[in-house]
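Numbering of the sequence shown is given in the numbering used here, commencing with residue 283 and proceeding in unit increments.
Worksheet: the structure to be examined is printed underneath.
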Amino acid sequence: MSESSPDGMSSPRKDFFCGVVEGFYGRPWTTEQRKDLFQKLKKWNADMYVYAPKDDYKHRAYWRELYTVEEAEHLTSLISAAKAQGITFCYALSPGLDITYSSQKEITTLKRKLEQVSQFGCTCFALLFDDIEPEMTEADKQIFQTFAHAQVSITNETHQHLGRPRFLLCPTQYCSTRAVPTVSSSEYLTTLGTKLDRAVDIMWTGPKVISKTLTRECISEITAVLRRAPVIWDNLHANDYDQKRIFLGPYCGRSPELIPLLRGVLTNPNCEYNANLVAIYTLALWAGCSQDAPTHMDSVSWDIKLERESEEGVCEDEAPLTLNKHVYHPRQALRLAIDEWLPEFSIPKTAQGPVIKPQPPIGIGGILSKI
Numbered sequence: 283m284s285e286s287s288p289d290g291m292s293s294p295r296k297d298f299f300c301g302v303v304e305g306f307y308g309r310p311w312t313t314e315q316r317k318d319l320f321q322k323l324k325k326w327n328a329d330m331y332v333y334a335p336k337d338d339y340k341h342r343a344y345w346r347e348l349y350t351v352e353e354a355e356h357l358t359s360l361i362s363a364a365k366a367q368g369i370t371f372c373y374a375l376s377p378g379l380d381i382t383y384s385s386q387k388e389i390t391t392l393k394r395k396l397e398q399v400s401q402f403g404c405t406c407f408a409l410l411f412d413d414i415e416p417e418m419t420e421a422d423k424q425i426f427q428t429f430a431h432a433q434v435s436i437t438n439e440t441h442q443h444l445g446r447p448r449f450l451l452c453p454t455q456y457c458s459t460r461a462v463p464t465v466s467s468s469e470y471l472t473t474l475g476t477k478l479d480r481a482v483d484i485m486w487t488g489p490k491v492i493s494k495t496l497t498r499e500c501i502s503e504i505t506a507v508l509r510r511a512p513v514i515w516d517n518l519h520a521n522d523y524d525q526k527r528i529f530l531g532p533y534c535g536r537s538p539e540l541i542p543l544l545r546g547v548l549t550n551p552n553c554e555y556n557a558n559l560v561a562i563y564t565l566a567l568w569a570g571c572s573q574d575a576p577t578h579m580d581s582v583s584w585d586i587k588l589e590r591e592s593e594e595g596v597c598e599d600e601a602p603l604t605l606n607k608h609v610y611h612p613r614q615a616l617r618l619a620i621d622e623w624l625p626e627f628s629i630p631k632t633a634q635g636p637v638i639k640p641q642p643p644i645g646i647g648g649i650l651s652k653i
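Encoded structure:
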């Protein structure tokens, strides 16, 4: 059941989480931007942030390296800032480029890295195995039946070692077009569903890497295979595959009626932090709703009516055109987001702080490589 917040936005149900995954390729956001994000997430009743910037070289390319004192202080301050706003800070690690799953030394290194972050105050973790080749070393082939068994083994062991905290996994087959041969007959996905600890949530991007729509049918299909409700890693507003484009439209193509079928939704938005208010605000608004606006409201005439409303919310030629707070309409959500965004344009901007050193080229592209 949704609840209302002081600003009038409804809160998602308590077992559903909603927020942002900083999971794109390119310059990571700054400390100041992330702390600003935490404040906005709290204000809008979202509750999770996943730290997974592909170009933090200690997140992916050099995942084995521990953080320095300076880097540790940076992460500790972020985790504390998130907690102060009631936001779950989830630290993600991407070891899949070169890990040897059967090596006890590698597993110990992985555990040590996540243990270090847990000492910073982090209580939620994720292992990401996206955008890697589905191959094992010869040593791994001697131990594990399949690639999926290797990933399940290391995930379950790490989850148990850390004391079974909140934990997420991004699979290598993370959308329908990457499932081999299909979602329902994928040996890889079936193994995750049957062997992975049921307390570990699994991420899914939908029918495609960037899914224009999500339907009840596609969610039901992956749920049956994974034996758990998926967490949607939503690339709807992602632009790291073409940063000449910025996506400023509202969250759409997903009915709020899907929410009971999902564990959560995390948007992976534009690389440019300041361009993301509409994307994040409208997702949070969507998460507090339970139904779509009636179909007739999708027409051009409805859009025109919304544009003609006065400041009092009354259309020039009709009665008030307000929707029930549990009904989501993308066009109205966009208008509300713009109203929320406009005051920020009058706030003086200070110079951005330092950014995390980007990783060296490793031959792996962004979303462009996934399409």
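For each residue, glycine too, the CB sits at the ideal point set by N, CA and C.
Query                                                                                                    : Result
DSSP three-state assignment for residue 320, whether helix, strand or coil                               : helix
Check whether residue 511 and residue 568 have beta carbons under 8 Å apart                              : no
At least three beta-carbon pairs within less than 8 Å, the stretch 430-443 to the stretch 463-480        : yes
Buried/exposed call for residue 341, threshold 16 Cβ in 10 Å                                             : buried
Residue nearest to residue 482 in terms of C-alpha spacing, selected from 458, 442 and 560               : 442
Buried or exposed by the 16-neighbour rule on C-beta atoms within 10 Å, applied to residue 348           : exposed
For residue 537 and residue 455, the rounded distance between their alpha carbons                        : 24 Å
Contact the stretch 352-368 vs the stretch 377-389: 3+ CB pairs below 8 Å                                : no
CA nearest to the CA of residue 360, picked from 402, 327 and 323                                        : 402
Contact check, residue 440 vs residue 392, beta carbons under 8 Å                                        : yes
Buried/exposed call for residue 578, threshold 16 Cβ in 10 Å                                             : A caution first: residue 578 carries a pLDDT of 49, below 50, which makes its placement in the model too unreliable to give a value.
Per-residue DSSP class, three states only, for residue 425                                               : helix
Beta-carbon proximity of residue 564 to residue 619, cut-off 8 Å                                         : yes
Cβ-Cβ distance between residue 405 and residue 448 below 8 Å                                             : yes
Nearest-angstrom beta carbon gap, residue 408 and residue 450 [assumed within contact, 8 Å]              : 4 Å
Close Cβ partners of residue 612 (< 6 Å) along its chain, the five nearest in sequence each way excluded : 532 and 534
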